[in-house]
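Trainee:
Numbering (my numbering), first residue to last: 35 to 151.
1) For residue 125, list the residues DSSP reports as bridge partners.
2) So the candidates are 119, 108, 140 and 149; which of them puts its Cα closest to the Cα of residue 130?
3) Quick test of your reading: residue 106 and residue 124, contact by CB under 8 Å. State the CB separation rounded to the nearest angstrom.
4) Using C-beta distances below 6 Å, list every residue in its chain close to residue 80, excluding the 5 sequence neighbours before and after it, in chain order.
5) Leaving out five residues before and five after residue 146 in sequence, what residues of the same chain have Cβ atoms less than 7 Å from its Cβ?
6) Can you name, in chain order, every residue of its own chain whose Cβ lies under 8 Å from the Cβ of residue 48, other than the five neighbours on each side?
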């Protein structure tokens with residue numbers, strides 16, 4: 035039996051938590067590897083904390099993240115947290131990991147054991 039295939043429009047699940055805070059996740063990713071993506075609406079611009087795996091374009095399929103100016107913040111640079119960071123012009127991370135975010139590889143994002151060629 036062939037497993038079901040996810041359509042891009044179904045890739046992300048969006049839950050409005052309240053007070054301008056929205057949790058986004060990728061239900062098609064096994065729960066152990068799935069990160070919570072947080073969108074926080076600000077007065078002048080919004081903040082995105084983590085961006086998921088990057089399998090499906092976050093900006094294209096979740097309009098909420100492209101409605102206003104946004105700062106994309108990475109809690110850390112593991113592959114499951116920065117997959118869609120490249121889609122945002124303003125990307126922030128702790129200085130100790132700035133080089134990893136600027137030049138991610140399968141090894142330095144810990145994706146190597148999970149990636150295939």
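The beta-carbon is built from N, C-alpha and C at its ideal position, and this holds for glycine as well.
Note that the structure is predicted; figures quoted are calculated from it, not measured.
Mentor: Once the coordinates are examined:
1) 106
2) 108
3) 6 Å
4) 102 and 104
5) 140
6) 56, 57, 58, 96 and 98
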